[in-house]
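For what it's worth, my numbering labels the leading residue of the sequence shown as 29, then goes sequentially. Here a beta-carbon is modelled for each residue, glycine too, at the ideal position from N, C-alpha and C. All figures in this text were calculated on a predicted structure; none of them were measured in a lab.
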Amino acid sequence: MAVTRRLAEIGKGHRRLLSLVDGADLAAPSALPGWSRLHVVVHVANLAAAFTRQAEYALAGRTIEVYDGGAAGRAAAIEAGAARPAEEALRGLSAATTELERVWGTAGEADWRRPVSYRQGDLAGTVLAYWRELEVHTADLDLGYRTSDWPDELCAHLEEFLGSRLPEGAGLVGTAQERAAQLAGRAPCPVDLGPWP
């Protein structure tokens, strides 16, 4: 089952992320303009907590917005979290990722089709989205894990998910990792891309 494979990849990704940030200078800039590494850590932790909540509500037969306060609430929470001591943010990341894995681990096969408010999709869609975000933002930390390290399966998913950013009739060349990085805005792109879907 595709969800089972994604969950295994996410578990590996969590271990990689926690290893990379352990002892790192989180006040240093990330590869994302305007964001420190601490901003990235807080964002991933907050997303893990948000998707844990999506899962808890879905498993109870209910839905809830992804972030309290919508996009503005999301942005405010990231800034507030990035103002905290790095050690606190790292503890939050470890706790949030552990809890996300625990809650997803309680879902049965039929549960992955339960509705969630995230993109008005289903619980399986949050797993795919989180896998995408985890891999992209781990590379954003600029701590040794690069877009060239992205697995081929992720790159194929990114090309499918982000392909709508390309102008009509345009295509990209290069390795799967190079094309995915360009579409994700993590490498220079020879064409002007549309917005993130």
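* Asked: Should Arg34 be labelled buried (16 or more other beta-carbon atoms within 10 Å of its own) or exposed?
  -> As a first step, residue 34 is located in the sequence shown; it is residue number 6 there, counting from the start. It is buried - the Cβ of Arg34 has at least 16 other Cβ atoms within 10 Å.
* Asked: What separation, rounded to the nearest whole angstrom, lies between the Cα atoms of Ala212 and Val155?
  -> Counting from one through the sequence shown, the residue named residue 212 turns up at place 184. Counting from one through the sequence shown, the residue named residue 155 turns up at place 127. Going by the C-alpha atoms only, they are around 18 Å apart.
* Asked: Are Leu169 and Leu48 close, meaning C-beta to C-beta below 8 Å?
  -> The sequence position of residue 169 within the sequence shown is 141, counting from 1. The sequence position of residue 48 within the sequence shown is 20, counting from 1. Yes, the Cβ-Cβ distance between Leu169 and Leu48 is below 8 Å.
* Comparing alpha-carbon positions, which option in Ala198, Leu54, Ala86, Gly191 lies nearest Val144? -> Position 116 of the sequence shown, counting from 1, holds the residue named residue 144. Looking only at Ala198, Leu54, Ala86, Gly191, the smallest Cα-Cα distance to Val144 is reached by Ala86.
* If you scan the stretch 189-222 from start to end, which runs of the beta strand (DSSP E) of 3 or more residues do you find wholly inside it? -> none
* Asked: Count the other CB atoms within 10 Å of the CB of Ser58; is the residue buried (16 or more) or exposed (fewer)?
  -> As a position in the sequence shown, residue 58 is number 30, starting the count at 1. With 16 or more Cβ atoms within 10 Å of its Cβ, Ser58 is classed as buried.
* Asked: Around the Cβ of Ala209, are there at least 16 other Cβ atoms within 10 angstroms (buried) or fewer (exposed)?
  -> In the sequence shown, counting from the first residue as 1, residue 209 sits at position 181. With 16 or more Cβ atoms within 10 Å of its Cβ, Ala209 is classed as buried.
* Reducing DSSP to helix, strand and coil, say where Ser122 ends up. => Mapped onto the sequence shown, residue 122 falls at position 94. Helix at Ser122.
* **Straight-line Cα distance separating Pro218 from Leu200** => The sequence position of residue 200 within the sequence shown is 172, counting from 1. The sequence position of residue 218 within the sequence shown is 190, counting from 1. Roughly 8 Å between the two C-alpha positions.
* **First through last residue of the alpha helix (DSSP H) which encompasses Tyr158** => Here residue 158 refers to the residue found at position 130 when the sequence shown is read from its first residue. Here the alpha helix (DSSP H) through Tyr158 covers 151-168.
* Examine the ligand MN and report whether any of its heavy atoms sits within less than 7 Å of the Cβ of Val164. => Only the bare structure without any ligand can be found here, which leaves the ligand MN out of the picture.
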